[in-house]
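Per the working numbering, the very first residue in the sequence shown carries number 417; after that it's consecutive.
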Amino acid sequence: MLNAVPAPAGAGAATSVPLTEDLQRPQFRVLVMVRYALLAITVAANLVRLPQARMPALVLVVLAAMIALTVVVHLLLRRRRPCPRPALWADLVLTAGLTLLSLPALDPVPEPAAYLPVTGFWLLTSPLLLAAAYGCRGGALSSTILAIVVFALRPGADPVTWGMPLTMIVVTTGIGWMVDQMHQSTGERERFQLAAAAMSERQRLNRIVHDGVLQVLAMVARDGRSLGPRGALLGEQALQAEHQLRSLLQDFDIDPERAQRTDMTHRNFSSILDRHASGRVTVSTPADPILLEGARARELDAAITEALTNVAKHAGPQARAWVLLETEDNDVLVSIRDNGVGGDPRAFEDAMRNGRLGMKHSIYGRIRDLGGVATLHTAPGRGVEWEFRVPLEVLP
């Protein structure tokens, strides 16, 4: 039994389509109808010229064999199980044999343009079926075999003599190529559907975990220290569990490469921001993805990294930071707050003018280049809070 059709050369693994699925495709039903139509035309043409045939009985035998072969192939294609591998090629061999019987069955015709084998136009249906099942290579090989048979019946240099076999090869190969393209498109659509299903499942789990487990763990980590030594230990464990769970949600996907291929220009900024989560940095992101163009996402992440670096350097050894990501209209909002020593706003303005703390270029400059606004709030002993407002897309 044939389980899979080999991928055509250069098409990649995505074009390898099981024959079982091929037999259920509409093109096979159409080809069976075409096969019956061409059979009727061929039978009518042979009945018209039957009185001039050298062996009329042999012509009728060939016609009966064509009818029987057409019905058998039709029944094989209607089965739910895959068509046996020899069946389609046996159909081709029998078609070639019936075509060769034209020599003894018909009278010699002096004009090549007037010659038509007993199998007539019906002989084209066998390579068409193979083209639909195997693609370009199957169609080219099968049509070439029958073209050689047809040319052998009436060899010559006349354009009509060699034009018909060549036309058969070109048409069947072209149909096989279209089948390959359809298989490739089907494979890409299936990969996109799998990626969409994976992303939907990830969003569903993110919503469940974000609305329940992560908030509970964050609350335990925040309030555990007020419950004594055991509460402090429980808070630390909750904090570690929160970070591990965020990392798991960040990495979860059925096929990350497939999901990446669904959009090569945009990235989920929530996943990027989750990487900043640590024992001293709490990150809160929405359950639904926030997509930013790759370069814009990198620049915004660089500004956030600079702000968190300043917290680590200047906020104090026990300072913690909280990062909140949300959207408003067509803007993405990032809030970075710490509980450090804070400072005089005028001192921060002087630092920016003097180019210190990375504020002038690494923060304000990046946000300005993104078309956004960076706002700083601080006071002595009350920490520092940054707010970045950046458009989701580049404005025209």
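Glycine included, each C-beta is placed from N, C-alpha and C at the ideal position. Since the model is a prediction, treat every value here as computed from it, not as a measurement.
- If you check the CB distance, Ile-591 and Ala-563 do not come in under 9 Å.
- Between the segment 443-462 and the segment 513-520, the count of C-beta pairs closer than 8 Å stays below three; the two stretches do not touch.
- By the criterion of a C-beta distance shorter than 8 Å, Ile-720 is surrounded in its chain by Leu-689, His-692, Val-739, Val-750, Ile-752, Phe-804, once the five residues flanking it on both sides are discounted.
- Boundaries of the alpha helix (DSSP H) harbouring His-490: 472-494, taken from the DSSP string.
- Contact between Val-475 and Ala-521 holds: CB atoms are separated by about 5 Å, below the 8 Å threshold.
- Taken atom to atom, the span from the alpha-carbon of Cys-552 to that of Thr-589 is near 5 Å.
- Asn-746 sits exposed, since fewer than 16 C-beta atoms from the chains shown fall within 10 Å of its C-beta.
- The beta carbon of Ala-654 sits closer than 7 Å to the beta carbons of Leu-633, Val-636, Ala-637, Gly-640 from its chain, once the five residues preceding and following it are set aside; these are given in chain order.
- With a 10 Å radius around the Cβ and a threshold of 16 neighbouring Cβ atoms, Gly-710 comes out exposed.
- Rounded to whole angstroms, Ala-614 and Val-806 show a C-alpha spacing of 28 Å.
- DSSP places His-793 in the strand class (E or B) of the three-state scheme.
- Beyond the five residues adjoining it in sequence on each side, Pro-796 comes within less than 8 Å, by CB distance, of Val-757, Gly-758, Gly-759, Asp-760 in the same chain, given in chain order.
- Per the C-alpha coordinates, the member of Met-580, Val-488, Ala-549 positioned closest to Val-595 is Ala-549.
- Following the DSSP letters along the chain, one finds Glu-803 inside the beta strand (DSSP E) bounded by residues 800-807.
- Exclusion of the five residues before and after Gln-734 leaves no residue of its chain whose Cβ lies closer than 7 Å to its Cβ.
- Out of Leu-491, Leu-539, Glu-744, the CA that lies nearest to the CA of Leu-479 is found in Leu-539.
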